[in-house]
Amino acid sequence: MVGAAQEATPATGASGTGQAVLELRGLTKRFGETFAVEGVSLDVQPGEVFTLLGPSGCGKSTTLRLIAGLEHPDGGEIRLRNQLIASARSMVPPDRRGLGMVFQSYAIWPHMTVAENVAFPLKVRRSTRPSRAEIRRRVSEALDMVGLSGLEERPSTQLSGGQQQRVALARAIINRPDVLLLDEPLSNLDATLREQMRGEIKRVQRELNIAVVLVTHDQTEALMLSDRVAVMNAGKVEQLGAPADIYERPTSPFVRDFLGRVAVFEATTTPGAGAGSLEIAAERCRLQLTESQVDGVGSAGRPVHVVCKLEDLRIDEAAHGAAHAIDVVVEDVLYLGDRLEYKVRTPSGRELAVFGPRRGGLAAGTRAGVVIDPHGVTVWDS
Ligand SMILES: Nc1ncnc2c1ncn2[C@@H]1O[C@H](COP(=O)(O)OP(=O)(O)OP(=O)(O)O)[C@@H](O)[C@H]1O
Ligand SMILES: [Mg+2]
917 MVGAAQEATP ATGASGTGQA VLELRGLTKR FGETFAVEGV SLDVQPGEVF TLLGPSGCGK
977 STTLRLIAGL EHPDGGEIRL RNQLIASARS MVPPDRRGLG MVFQSYAIWP HMTVAENVAF
1037 PLKVRRSTRP SRAEIRRRVS EALDMVGLSG LEERPSTQLS GGQQQRVALA RAIINRPDVL
1097 LLDEPLSNLD ATLREQMRGE IKRVQRELNI AVVLVTHDQT EALMLSDRVA VMNAGKVEQL
1157 GAPADIYERP TSPFVRDFLG RVAVFEATTT PGAGAGSLEI AAERCRLQLT ESQVDGVGSA
1217 GRPVHVVCKL EDLRIDEAAH GAAHAIDVVV EDVLYLGDRL EYKVRTPSGR ELAVFGPRRG
1277 GLAAGTRAGV VIDPHGVTVW DS
């Protein structure tokens, strides 16, 4: 499949009919009694960044390794460019799948120069091996793309972590794969470099118009880079959607609590006060939501959970005593650099975290109101 077939395929992947470049159907992998991956089904479209997001041990790497051909599934199927590449009974070896891969440990060969590392996939090709001049041209093009021009002859041992990362990326794209697999590629980098490399990956992905399957446990990375995200939990896909979908409209408590910090309040829908009206009795606060926000969570008077992202809470001295605000006392102020985090005490006695602008902060002991932005609220059966 690799060589000739792949050369003939445009970088956009499948035939341009809107067909998925990669399909997983009921994919299952067990290690002993543990289901590392259990019945995972998903499609990756040509040219999209598709992310597997979830906590440690949820099966992200195993899924990626199944796609790469480094693990053999116990059940289900994987199709790449409409060809069966893995099932319990059949298996196309990794080097015949025509995929690019970057793993967390960059796996750069220390005894090779930068250029030799990057050229490696071209040199071991089963089909026609390009001429030396062609290899040199492609290596320099790939290095250019990742911002490493001129480092061709540098021994790999004399590279920083970030540079090794770029070499691994250049090596992964040298064969112009239409699918690139990335397993936590940025987790060994410091914050600044990580941000820079996120940009680089996105730029390279757009320039080459390739599909990327990214594995990460970092929600910011997932939300920033992805066209679609599958949130995994215990070997299964818990929710699949665009970043804004999973962030704003989580369909399970697991996804809701995994994506960002939230505050959960016990509330009741208030009969007679109009649709969407809720009361958080313990905090003496009334909340007006839209009818659709409380749709499907039981009848009036029933207890529900109101869940707010912390960034949808606002602290305001002037809102103290307002019916729609929670009266609080500021107990502590933490300086986070770009903003302040307040620890406040609510009427029920619970501690709540609220963010505020870094200038004009409130002092400990101040009485204030915490206002909930109703747009960001989700309501759940309690
Ligand atoms: N080779 C193996 N042998 C036995 N169990 C394994 C093996 N590889 C993974 N597992 C188990 O399968 C489950 C999923 O592991 P996996 O590496 O896919 O998780 P992950 O989501 O990538 O986690 P992390 O974020 O920590 O990398 C875990 O329970 C893990 O212990
Ligand atoms: Mg992993």
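Each residue of the sequence shown is one higher than the one before, starting from 917 at the first, in the numbering used here. Using N, Cα and C, we set each Cβ at its ideal position, and we do this for glycine too. For clarity, every value in this text was computed on a predicted model and none was experimentally measured.
For the segment 1104–1122 against the segment 1143–1151, are there 3 or more C-beta pairs whose distance is under 8 Å?
no
Determine, using beta carbons only, whether residue 1030 and residue 1070 come nearer to each other than 8 Å.
yes
Any chance the CB of residue 1103 is under 7 Å from a heavy atom of ligand 2?
no
Going by alpha carbons, who is nearest to residue 1175 out of 1072, 1222 and 1133?
1133
Report the start-end ranges of each beta strand (DSSP E) in the segment 1248–1278 that is 3 residues or longer and not cut off at the edges.
1255–1261 and 1267–1273
Is the beta carbon of residue 875 less than 8 Å from the beta carbon of residue 1094?
Shown here, the chain extends from 917 to 1298; a query on residue 875 therefore has no answer.
Short Cβ contact (8 Å threshold) for residue 1259 with residue 955:
no
What does a CB cutoff of less than 6 Å around residue 1016 pick up in its chain, not counting 5 residues either side in sequence?
1088, 1089, 1093 and 1096
DSSP has residue 1285 in a bridge; who is on the other side?
1232 and 1243
Buried or exposed: which applies to residue 998, given that a residue is buried once 16 or more other Cβ atoms fall within 10 Å of its Cβ?
exposed
For the segment 1046–1134, list the alpha helix (DSSP H) runs that are entirely contained and at least 4 residues long, ordered along the chain.
1048–1061, 1077–1089 and 1107–1124
Express the C-alpha separation of residue 1083 and residue 1073 in angstroms, rounding to a whole number.
12 Å
DSSP three-state call for residue 1162: helix, strand or coil?
helix
Which whole-angstrom value is the C-beta distance of residue 1198 and residue 1264, which I expect to be below 8 Å?
4 Å
Spatial neighbours of residue 984 within its chain, please: CB distance less than 8 Å, with the 5 preceding and 5 following residues excluded, ordered by chain position.
1010, 1013, 1015, 1017 and 1097
Indicate whether residue 1232 and residue 1293 have their beta-carbon atoms separated by less than 8 Å.
no
Compute every distance between the C-beta of residue 945 and the non-hydrogen atoms of ligand 2, then say whether any falls below 7 Å.
no
Does the distance from the CB of residue 1220 to the CB of residue 1191 come in under 8 Å?
no
Opposite residue 1140 in the DSSP bridges: which residues?
In the DSSP output, where bridge partners are listed per residue, residue 1140 has none listed.
Looking at residue 1134 and ligand 2, is the gap between the Cβ and the nearest heavy atom below 7 Å?
no
What's the gap between the Cα of residue 976 and the Cα of residue 1240?
42 Å
Proximity winner among 1266, 1246, 1211 and 1111, relative to residue 1181 (alpha-carbon distances)
1266
Taking just the CA atoms, how far does residue 1033 sit from residue 1114?
22 Å
Can you list, in chain order, the residues of its chain whose CB lies under 7 Å from that of residue 1277, leaving out five sequence neighbours each side?
1249 and 1256
Do you know offhand how far residue 1076's Cα is from residue 987's?
31 Å
Residues around ligand 2, please: the ones whose beta-carbon is closer than 7 Å to some heavy atom of it, in chain order.
976, 977, 1099, 1100 and 1131
Over the uninterrupted alpha helix (DSSP H) stretch that includes residue 1021, give me the two end residues.
It is not in any alpha helix (DSSP H) - residue 1021 carries neither H nor E in the DSSP assignment.
Can you find the residues in the same chain that come closer than 6 Å, C-beta to C-beta, to residue 1274, ignoring five residues on each side of it along the sequence?
1255 and 1256
By Cβ distance, which residues of its chain are closer than 6 Å to residue 1101, with the 5 residues on each side in sequence left out?
1018
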